[in-house]
Each structure stands twice: as structure tokens, then as C-alpha cells.
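Residue numbers (the numbering used here), protein chains in the order written: chain A, 1 to 322; chain B, 1001 to 1313; chain C, 2001 to 2259; chain D, 3001 to 3546.
Reviewing the structure listed below.
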Amino acid sequence: MFSYFLKRLLNLIPLLLGITIISFAVIHLAPGRPAYLKEMDPRISLEAQEQLIKLYDLDKPLFKQYLNWLKRVLRLDFGNSFVDGRKVIVRIRERLPVTLLINILSMVLIIVVALPIGVISALKPGGLFDKWTTFFVFLGFSLPGFWLALLLMLLLGIKLNWLPISGLKSFDYHQLSFWGKNLDIIKHLILPVSVTAFGGLAGFSRYVRGNMIGVLKQNYIRAAYAQGINKGRIVYKYALKNALLPLITILGLSIPGLIGGSVIFESIFAIPGMGRLLYNSAVARDYPMIMGGLVIGAVLTLLGNLLADLCYAWADPRIKCK
Amino acid sequence: MLPILSVKNLKVYFSRGKKIIKAVDGVSFFIKQGETLGLAGESGSGKTVTALSLTKLISEAKFLGGEVVFKQKDILKLTSPQLQKIRGKEIAYVFQNPVSSLNPVFRIGTQMVEIIRLHQKKNKKEAKSYALEMLERVGIPDAEKNFESYPHQLSGGMNQRVMIAMALSSQPSLLIADEPTTNLDLTTQAQILELLQKIRREQDLSLLFITHNLEILKRLVDRLAIMYAAQIVEFGESLFTRPLHPYTQALLSAQPGYEGRRQILKGEVPSPFDFPSGCRFHPRCPFKKAICEKEEPPMQEREKGHFVACHLK
Amino acid sequence: MNKLTLFGISIIAVLILLAIFAPLISPYNPQAIDVDNILSPPSRTHILGTDSLGRDLFSRMVYGARVSLEVGLVAVGVSLIIGVLFGSLAGYWGGRVDSLIMRFVDIMLCFPTFFLLITMVAFLKATVFNIMLIIGLTSWMGLARLVRAEVLSIKERDFVRYAKAMGAGNFKIISRHILPHTLPPVLVAAILGMGGAILTESALSFLGLGVQPPTPSWGNILMEGKAVIDIGWWLTLFPGLAILLAVLGYNLLGEGLRR
Amino acid sequence: MSTLFPPRHILRGIFLIPFFFLFFSFLFSLYAQQNQGSKVTCYGDAIVVGSIGEPITLIPILAADSASQEIVGLVFNGLVKYDKDINLVGDLAEGWKISDDGLEITFYLRKGVKWQDGVLFTAKDVLFTYQKLIDPATKTPYSGDFKKIEDFKIIDDYTVKITYSEPFAPALASWGMPIMPAHLLKREEDFKKFSRQPIGTGPYRFVRWETGSQIILEAYDDYWEGRPYIDRYSYRIIPDQSTLFLELRNRGLDYIGLTPLQYQRQTNNDFFKQNFRKYKYPSFGYTYIGWNLNNPKFKDKRVRQAMNYAIDKEEIIKGVLLGLGKVCTGPFVHNSWAYNPEVKPPRYNPQKAEELLAAAGWNRKNKAGFLVKDGQQFEFTLLTNQGNEARRKCAEIIQQRLKEVGIKVNIKIVEWGCLLDIIDKRRFDAVLLGWGLSRDPDCYDIFHSSKTRPKEFNFVSYKNEKVDKLLEQGRRVFSRERRKKIYHEIHRLIYNDQPYTFLYVPDALPIIDARFRGIEPSINGIGYNFIKWWVAKEEQRYKLQE
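Dropping the structure here:
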């Protein structure tokens, strides 16, 4: 187990390096120097220009630029935001917890909902339940998430007035009791979390179904039947555990999509998270901020995948012992 | 002596799209208490399906007909809970590919204890010591350690011993071994066969042994049934010495130790979607007559206890 | 299921017809402003209503179909070129080339999709072509993996060995003997990818980072519609449905082809 | 205007002027009526203000975006401020004296004003603020006016004397600049903390900034003008115009600015009539097309005048602002005393435009229907910035109208930074932009011929000697009556020259929850007496104990 962990950790190094190289290459995407952009703004013109040139060493040879940039990035120094001059990493740190919270909750929701759907439709492939879920899965694959967000916002927020439509806390949050505070946050989270989860739901339930169908055809399932074990136990203990294992990896792989989705949903629901920060930065062409977000986002995904792999190794005896 | 299991006119059909696959089509045979019956035939002839349908393990079958009488009960008419009391307890199975027949994500001990406690009133501790005892009986060294292992950590032969231990743990009266040695190397094969024989001698166990390997059967079985194209074509004690069906003759002549003129079968096993009319073997039969194409030959007792379905006399 | 595939095909067919004959089909110039008819609900003169500049929604959506179709084709085209190139190189040569390319794929997959999109949009000019390019540049990884796996299995087949034994060059073997056999699964992936590209474009445009107005795209019509969602339901409903249908069409078609 | 972009983006478009004082609209009048109506004012409740943008810094001399200025305006005071009639009155200064030659201003500071940490406010704070403003290390957009100061003298703790190198009329107004506490900003590092945790002399004190979410202020009990009635002020950041509106509709917000569409179409139902009050008054800013006068086509005054006839401003106001705005005729807005009512906007008249163009030599049309002169088609690129819906729509309407008189317009919408670059290099034909205005009419920087160098604001290269002279005079003279004459003349001359085609002055369209009382609209908007707003006890929505 330990050596596996170590191996995985070593594997991270080239990936991390690759992430920085690609992120760095992106800086040079802008035609000409990005520095020209702010020239006429009386407030930050020269400053910004100097900062950009200094930040990315734009006057040095490419290789040197990269090395210097990498050195700073390794210290988590992405420079200062053009917009308010605060450290990029500080701004990201402020916003990250919310995004992580929403994404983790969405994952939990995805699992809780998709698992039974996938299992039940796998029990009778082609049955009525399976046909309906297949239909909904197709719909789910095709539905623009932001549109769903709009419709839900309109229905639950405006027409029925059941849920708040934006932000994370009510204005009077600080006056609420302990439970009131929790309830308040939960209410605010329902819409963003469910809409974020929706994107993953269709795919995930499909995977569960597919894996489950595959597992149910395995010899050991037949053997378990032959041993007189009842169906419920076979499905929910013997088969499910086998079907779930590869899903840990799938879940890990879905992280980039989920985090990426936060750009859209945080903007719609006015949630002060990473996604909205990045969106605002993109609109304001706040290059240091964007670069920081990009690198941190990728590293997060990497860590998420690592975590998934470790979970997998922990849960699957076949890896554990190798 | 009454047969412990008798199968009459068993039919198992599957459907694929609009086509019907006749996997087992009118199979009848019986097993006596304590005897070993061999069931042989080429792959795809319906052996495994026959074995599985003996405890209704074929849930996806479109049609399941005939009767399977086990200890005076028609198994095909039982409900799921009733079946669960028979499966593993009265009729136990040992399958091909032992590694894949054990659940990869649970420890061997866990799986054994689960089965033991399912069929016997034992607490966890008792179940464990019983499981260890069983492991030792099937010849697994270092039972304590292997109890904690996962299937993939053991060799195929070991896994098969585990499967056998599990199958025997609730003292079944009938053990169905479906190609139990097929994917094992020769030495292991011999060990497993010896184990099975030993167990059969020790317990008063009936055994249905399924294989395509006649060599093995020769040493092991009391009686033999030959399947071809979803049907049994010959069935009895003296098959090895006096095969009556041309198919059996061809099979036996293909054995390595066979002395005499070898018959090479032409053609292929017919597709289960569309069996030939009359005798299903007629397109490949070197002795075919006109009647063979038209009429299905009935099963006749030519000698005492030796049945054959063939128009040839 | 066959019926569903047919449904998918007919959706795509309608989409293509709309895009080709947009000037003939649309009753109004999609950019013609009519300040006297701002936000009129669906009626006989404007069957899907008008937007906040009085432009005819139906006409704008018909032209929006062009954008969606183009985005699907070009973005997937770009990702096909990259994906097939990398995938076949990796699968065919194996060894270091393979591990290098697959590492690159792994790295690209680490970036949260929208983060990468947004970054590129921020650094490049937001022209329709750039948007398509960017979507293609961020979505080729799955195709590369698929092609690689296919190539790996096909290159072991006898006819490839035979071709090699006959002295065919590597390029010829890949292009003549291997790639054609990868076509079916790649085609399926490409068609599903078109649906994905349409979704991505509409999300980007909805955020205001994609296709820039006045060029109508379903995404930016939705963006404009959001501002008046309480009084102009038609501006949210119809483009959303259009996206849903188009993507559904591609998905059904792709799924049908897979069988 | 209606847009989905954070306002920084837009605002930079409008507010190119280096010195402007939007915060004055949020400063408060000394002379506001204490009571109103029959009910007695009460303390309590909170107001939740919705905004698209988040403040960037709360250091007053750096605050350039409207969100920052709004918060700064509540936490700080300047020496002077504009009252409801746009007259300068004392704020932290009780009064002032201007020497006869106009070179010296003496401010008499209010005594007993306390910073929100309890320390007394004195002349040292004013000096400190001045020093920071002219410190080259301070990147403030407001330093220009203060660089004209020759000498700054502290007479005593409550008197300062400021000497200018030449008479400078906008000087007095420039002292609306919020004053910062010298004792809290001794070191450079202090500014960092201060920018997110400011302490001022204003009616509200800073409580908490939840990044990306809201800023909370609380009434300052010891405020020298008297404690504001509303206990708490929450500035909620919702980065999307439509979510902002929906949140208002859900009554999660009390006060936002509406888009014309929201004002005209989305708030006319019973729900809004019952729960909210809408206000409408001209804003201090205008939208225009600036013609590059170095371009041979636009050098000709007749061409520019033709444009004025060919563009239907009424139509633009109808289409873009849904009627919520006024036709603009010059560099001053209607509320300003500098506005010359004699300058009348011409009716939309394409024939007249074509005549003028013909007179300028554009008298033939090619097959495509466009005017031709010397074999060249009349075609130009109209440039505007990305992310401003109103300007985009406006450009599209203009494109349509000019096509009718035979002019081909290509619209180019570019990112703000790019736009500035293009303007800076003078590589444009025409730009569609807006100016935000200070309450002082001085527009020397925009129209004086000396301000045409790169990065200066007369980027259309306008030059009229008469106007130059008048602009200089307008800065030297302090008398409102004399200045009025000067600026009326400037208005007339500029209008006649048409360096810009002046399009419109949009209305500000605030909407406020109906429970707030004491709001008195004036030509200076509604924010000037915010501390006198109140909510009756039985209508108060938020109870506050923390």
C-alpha cells in the first residue's frame, strides 16, 4: 500500500510539471504582448504593464521566463490581481471553500441518486424502469445545465418562492440561531448543488447500470446464486461492491467537469466561489488571476484524482496487495 | 434404489431477438444415490445449461419445461425461497474457472463463513472454525492464513479447493461439478480429481460430473451420458466399452489412448437456432439412412441400463 | 430504439435544412431592429415573439442554428484532427511516443474544462471561429484515447502484419489499413462530440464569453432572455428547447450508430 | 444600461474623466428636512442595496469604480459637498474663504468631529490626504487637480490655507475628496489593511466585508450630523443584472438601479407598485460618437453636421433607453447650470443630411447605394467597447440610419483595453463612448486643443481657438454668473462644430422598497439625504442584535 502511494505520488511530478507548462503556454496565446491592454487606464496603466512584464518576465528568453514563473508558482506566488491589487492566491483561498463545498455536496447527491437508479435499471435491462431512466438519461445528457438552472430558479425561487435564488447566506444570517444558520445555508445550497449534480447524474447512473449489468453476468454472481444466497444480498452486497469500485475512478474523472461547471452556476446563482472569481477575471482580463485559477484548478483536479485512486486502492483488495 | 434426482424431458429455451435458442431440448436422465454420473459433449451442446437448470439457476430462460425431481420434489415448481434452501445446501455446485467464481472483493474466509451461516445454525466463531476445518479437509495448507486471503492471492487449484470446501460445507446430497478442472494445469487437475474421488468415497455423495474430456470421466464415473445438440444421445454404464451411437463412437475414437480405427467427424456442431430435422446428428453421420433425416430417433434401452437414440441397429 | 434513432436523424436533418436555407426561411432580417415592437409575445406576425430590440426571435433562432451547426462541425473537426493524429501516433508507435502523448492527454484532462475554455477565451479574441477552435482544442482528449485503443488492437491484426511484411510504409499502413477500421467508433464519438460542442458553445455564449452579439446564437439569445425572464418567457423557452433538441438529436444519432 | 458585465468594465467606458465626483450623489445634505409627513421618524431596520460590481478598494483616494465610491461615500466625508440643488456646501469644512485674486482658499474646519475610532479630526488629516494625493507613489486618478496647489499651510488645528499657482475654479469642488485619518495610516503597510477595513468620519462605520458576497456597514452613533436612522447598510454583490432584478423581485434587495427595460416593462405590475417606489432623474453623463477630426472625411464640418441630421436620436432613446433619457446637445447635461437651453437639437432630417453631404462633395451614389467621392465609397468603422449592451444596440441603430443616406458603417466591438489602445494611437474613424461628468462644468481636458497628445482626452483632436480661450477663462473665474455665460457660449460653439455627435443623456432609474421614507428626489438625485431616510417601526423588516 505504502509503495503504491509513493509510486502514485512520484507519478504526480511529471503531471504537475505538464500542467505548469501548458498553463504557461497559455500566457503566450494573446496576440502580441498582453501588456498593451491597460495602457490608457489612468490608474493602473504603467503599473499593470510593468507588473505583467515583471510577472511573466516577458522580456527574457522563453525558457528563462518559464523557469522563473515556475519558481514563483511553486511558492504559490501568482502575482497580484489587476483588479484590486491583492495577492492572487489570497483571493483564491477566500473563494475556494465554497466551491469545494458545493462540488463535494453535488458528488454526494450524484451518488445518492444515481446509485439506486443505475442498480434498479440494471436488474431488468430493457424493463419499464430501465426504459424510462434511459430516456431521462438521454434528456439529461442533452439538457443545457444553465437552462435548467434558469427554469428552476424561475419556478422554485420566483413563482413558488420556496428557495432563495442567489448567494450563500441571507442578509440576516448573523442574527440567526445555530440551526437557523444551517437551515439558511442549506436552503441557499439546494438549487446550486442540485443543478451542479444534474450534469453528472445522467452519466453516473449510466455507468452504474453498465457496471452492474457487467458484474451481474460474472461467474461469482452465478456461483453465489448456486450457493443459495438470496437475490437482495447478492445484488446489494456481492454485486454492488464490485460495481462500485470502478466508479470511484469515474467520480475522480468527473471532477474537472464539476469544478468547471462552477463557472456557470456560481455566476447564475451569485455564489462567491472560484468559478465566479474566474469568470469575473476573464471578463476583466485579469491575467494573473486567470493564470492562478487555471493552475490551482488543474492541481485540484489532480489531487482529486489522486484521492480517488487512493480510495480505489484502499477499497479494492486486488490493488492493495500489489 | 430410487434415483436421488431424475430429469424428464427438460427443455430450456432462450430468446435472442425474435429467434429461439433451444439450449436444452428434451433431456432425460437420472442419478442414483451415491453414484457418479458423467455428462459429456462438445462445448455448446447444452451441458452447462442442463446443470444450471437443475436448480433453476437460469433466470433469463424464455421457457423452462419438463420436470426435475429431487427427493420427491419437482424443483422447477418451487418458489425462490424454497429454491434457496436447496441450492448450496442440498445441491451444491463447483464451477469451471474457480478464480472468477469467487467474489474478488471479499476474503475467502468471509465468503465461506457467509455460506456456512446461511445454511447452518452456527455463530461466527463456530462458522470460522468449521470453515478452517473444511479448508484443511480439501487440502489447503496454512488454512488460517489463507482464510484471510483474497481469491486473487491463491492459485487456481487452491481456489477450486476453496470452492469445493464451500460446496461440501453444508453436506449436500448432490454435487454438480461443471468442468471443475478445465482451466487448470495437469498436475492440479489430477489433484482436484483425486480430491473429488476421496470426498465421494468418504461421504455418501452423488456427483454429476460435466466435462468435454472423456479421459477424465473414464476413471471417475459410474455411468455416462453423451449430449449432442441439446439432447442426450446415449446414456448408460457400458458406454466406454460398447458405444452404440455413431457420435459416441467418434468421440471415443478421438481419445488419445484409443486403439482401432479413428473416425474423424466432418462438419460442425449445428446451430442452436436451427437444428437439423430428424436425427440431429444425421448431417455428420457416416452411417446415415433415409429415415434419419425425417424421423427423430426415440430413446431406447438396447441393453440393460444402456439407452441410445439412434435409428441404426 | 430504432424509432429514436430516426427521431435523432430527423432533428439533425431539420437543423441542417434550417441552417442552409436560413435566408429563405426566416421571415425577417435577424438583425433588423424594430423599436416599436420590443418584446412582443408570440403572435401571428412574429411566431416566436420578438426580443428586447424588437428583432424577430424565429429569424434569429434560424440563423442561430447556423452557428450551432458550424460550432458542432468545426469544433469536432478540430478535435478530430488532433485526436486522430495523437491517438494513432501513440497507438502505432507505442513506447516513448505513446507514453509522452498519453501523459499529455492526462495533463489536459486535469484542467477543469471551463477553466481552460475561459482562460483561452480571455486570451484570444472572441470571434466565432476562435470559439469553435477553442472548444475543439479542449475536447480532443477522449478521441485520442479512443483512437489509440482502436489502433492498438487493429495493428496486431493479420492484415496489418501482412501489409507490413509487404513493405508498406508506416504512414500508408496507418492511413490505409488502420484508420479506416477505427472509423465506426470514431464516428460515433464525433457525433456525440458535436452535441457536446453545441452545449459548450451555448454555455459560453450564455455567460457572454462566446459568440458575440449581434451574431445570433442560441446561447446569447438565452443570455438576453435571462434579463427579461419574468416578462419574456419565450426568449428563454424556445432557444433552450432548441439546444435541448439539437443535442438530443446528435446523442440519439450517435447512440443509434453505436449499435 | 442593461448588461451582464460587472460595471467596472462599463464604468471605465463612461468615466474616462480623470476627476469626477460620483460620490457626491451619495453624500448627504446638512440642510435636509428633518421630518416629513405626519409620522415621526424612527431608528432601526436595515437597507440591502444590490450591486453588480464589488468594490476594489476602500481607500478613498484610490476608489475609482462606482462600487468602491458608494461605500467610501458612506464611511468618509470631504471638506465640501453638493447639496440637493447642486450647490457646494460645507461638509467637514464649516466654511471657506476665497481670496479676491482666486489664488487662495482658506477652509475653516468643523470642530469636534470624531473619527470612528474616537480620535478627533483635525487639519493634520487634511494635510495628510493632500500629501498622499500628490505623492507620485500613490496611483490615484485624482491627483491632477491637487497638483495645481502651490502651497498648503496649516494655520491652526482647524484652519488650512491652500494657495494655487493660478486661479482655478474647479479647485473648491475638488475638496469634496474624502479625508483620510492620518493617525491610522502612518506606515505603508497600514494601507493594505485599511483598503478592506476603512475608518472614516462618515455616517456609517465599516463592519464586515464578506468577499464576493456583501459588505456590511452600521450607523455611526457619534456622527456629527446626527446618527442616521437606518441602523444597518448591506451592500450585496450580485454580479448579474438579471439575478439582481430577480432578487429584488423576491424582496431580498431593497435598492437597485433598474435598466430601462426593467423600468418600463418589468416593474409595472401591482406587485412592484405595492412594494416599491421607482425614481427617475437624468444622470450626470452622456453618450456620443466622437469623430476622428484628422480623418479627411470628418474634417469637414458639413459632414459632421450631416451626421447630426441623419442619426435619429429620438429613435435611439426609444430603442435603447425605451424613452428613458433626453437628447443630448452638448457637453453639459440638462441639470447643470452650464447647459445652454438655446441650443436646440435638430429634428431627424435625412434630406438635410444628404444636402449637406452633397455640399461636401459626396453627391454621387454607387451601385450598392453608397455615396462616392473621388472614386471612394463613404465607409467608416464605428468602434465601441465590448460588454455594453446599450452602446451595442445604439451602434446597430446608427448603422441602419446612416445606410439610408448612403453611408456604410462597419461596427467593431472590441475589448476595453484594445479600444483604449486604438484610441491612444488615433487609429479610429469614429468611437461610440460615454463621458461621466462631475458637477463642475469644466471640460478643458476634453475639448482644449492642448490636450491632444497621446493618452490625453481630446483624442478627436478638436481645435477651436475661441473654445480654447473660453475654456481657459472658465477655469479662472469663480463667479457662477460669469462662468454660466462662458459655458453657454462653449456649449453653442461646440454644438455648432459637432466634433462629437451628441446622442443622449440616460436617466438614472433607482427603485427602492416602499417602506423607506424621507426620500426627496432632486436634480441631484436621491442619495444626497440618505441619512435622513427611515422606516416606520411597524414596517421594519430586520431586527438587529449581533
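Glycine residues also receive a C-beta, built at the ideal position from the N, C-alpha and C atoms.
Just so it is clear, the structure is predicted and the values come from calculations on it, not from any experiment.
Legend entry - Backbone CA spacing between L2039(C) and I3397(D) [nearest angstrom]: 17 Å
Legend entry - Spatial neighbours of Y2250(C) in its chain, beta-carbon cut-off 6 Å, leaving aside the 5 residues before and after: I2191, M2194, G2195
Legend entry - T1008(B) (DSSP reduced to helix, strand or coil): The question names Thr, but residue 1008(B) is Lys in the sequence shown. Residue state, collapsed to three classes: strand.
Inset, instruction - Check whether the Cβ atoms of D2056(C) and Y2028(C) lie closer than 8 Å to each other. - result: yes
Legend entry - Closer than 8 Å at the beta carbon, the chain F residues around S267(A): Considering every chain present, this structure includes no chain F. Its protein chains are A, B, C and D.
Inset, instruction - Please determine, among N3385(D), P3198(D), D3083(D), the residue with the shortest C-alpha to C-alpha distance to G3176(D). - result: D3083(D)
Inset, instruction - Would you kindly report the start and end of the unbroken alpha helix (DSSP H) that includes H3488(D)? - result: 3480 to 3497
Inset, instruction - Could you check what DSSP says for D3068(D) in three-state terms: helix, strand or coil? - result: Looking at the sequence shown, residue 3068(D) is not Asp but Ser. Of the three classes helix, strand and coil, the one that applies to S3068(D) here is helix, per DSSP.
Legend entry - Where F2104(C) meets chain A, residues with beta-carbon distance less than 8 Å: G18
Legend entry - Test item: CB-CB of A224(A) and L1057(B) under 8 Å: no
Legend entry - Members of the stretch 288 to 311 of chain A near chain C, C-beta cut-off 7 Å: I290, G293, L294, G297, A298, T301, L302
Inset, instruction - Please classify L74(A): is it buried, with 16 or more other beta-carbons within 10 angstroms of its beta-carbon, or exposed? - result: exposed
Legend entry - Below-8 Å beta-carbon distance, D84(A) vs any chain D residue: yes
Legend entry - Extent of the continuous beta strand (DSSP E) to which F24(A) belongs: Here F24(A) belongs to no beta strand (DSSP E); instead the alpha helix (DSSP H) covers 2 to 27.
Inset, instruction - Measure the CB-CB distance between P2239(C) and G2225(C) and report whether it falls below 8 Å. - result: yes
Legend entry - Cβ neighbours of T2005(C) in the same chain (closer than 7 Å, five flanking residues each side left out): L2252, L2253, G2256
Legend entry - Residues near L2024(C) in its chain [Cβ-Cβ closer than 7 Å; skip 5 each side]: none
Legend entry - Interface positions of the stretch 225 to 238 of chain A facing chain B (Cβ-Cβ less than 8 Å), listed along the chain: Y225, A226, Q227, G228, I229, N230, K231, Y238
Legend entry - Below-8 Å beta-carbon distance, K1047(B) vs any chain A residue: no
Inset, instruction - Measure the Cβ-Cβ separation of Y3208(D) and I3216(D) and say whether it is below 8 Å. - result: The amino acid occupying residue 3208(D) in the given sequence is Arg; Tyr does not appear at that position. Yes.
Inset, instruction - List the residues of chain B whose Cβ lies closer than 7 Å to the Cβ of R95(A), in chain order. - result: None at all; the shortest Cβ gap to chain B is about 39 Å.
Legend entry - Whole runs of the alpha helix (DSSP H) within the stretch 1202 to 1276 of chain B, excluding any shorter than 4 residues: 1214 to 1220, 1246 to 1253
Legend entry - G1267(B) classed as buried or exposed, judged by whether at least 16 other C-beta atoms fall within 10 angstroms: exposed
Legend entry - Nearest-angstrom Cα separation, counted from L2080(C) out to S2088(C): 11 Å
Inset, instruction - Pair every Cβ in the stretch 3148 to 3164 of chain D with every Cβ in the stretch 3090 to 3109 of chain D, then say whether three or more of these pairs are closer than 8 Å. - result: yes
Legend entry - Contact residues within the stretch 1008 to 1024 of chain B, judged by C-beta distance below 8 Å to chain A: none
Legend entry - For Y3444(D), the three-state DSSP class (helix, strand or coil): helix
Legend entry - 4 or more residues per run - each alpha helix (DSSP H) lying fully within the stretch 1158 to 1184 of chain B: none
Inset, instruction - Express the C-alpha separation of W132(A) and E1060(B) in angstroms, rounding to a whole number. - result: 21 Å
Inset, instruction - Return yes when the Cβ of G1088(B) is within less than 8 Å of the Cβ of G228(A), no when it is not. - result: yes
Legend entry - Distance, Y3043(D) Cα to I3134(D) Cα: 41 Å
Inset, instruction - Anything in chain C within Cβ reach of K3412(D), meaning under 7 Å, just list it in chain order. - result: None at all; the shortest Cβ gap to chain C is about 11 Å.
Legend entry - T2158(C) (DSSP reduced to helix, strand or coil): According to the sequence as given, residue 2158(C) is Asp; it is not Thr. In the structure shown, D2158(C) sits in a helix (DSSP, three-state: H, G or I).
Inset, instruction - Taking only beta carbons into account, state which residues of the stretch 200 to 224 of chain A come closer than 9 Å to chain B, listed in chain order. - result: Q218, N219, Y220, I221, R222, A223, A224
Inset, instruction - Determine which residues share a DSSP beta bridge with T1036(B) and list them. - result: L1207(B)
Legend entry - Host beta strand (DSSP E) of F3380(D) (start-end): 3379 to 3385
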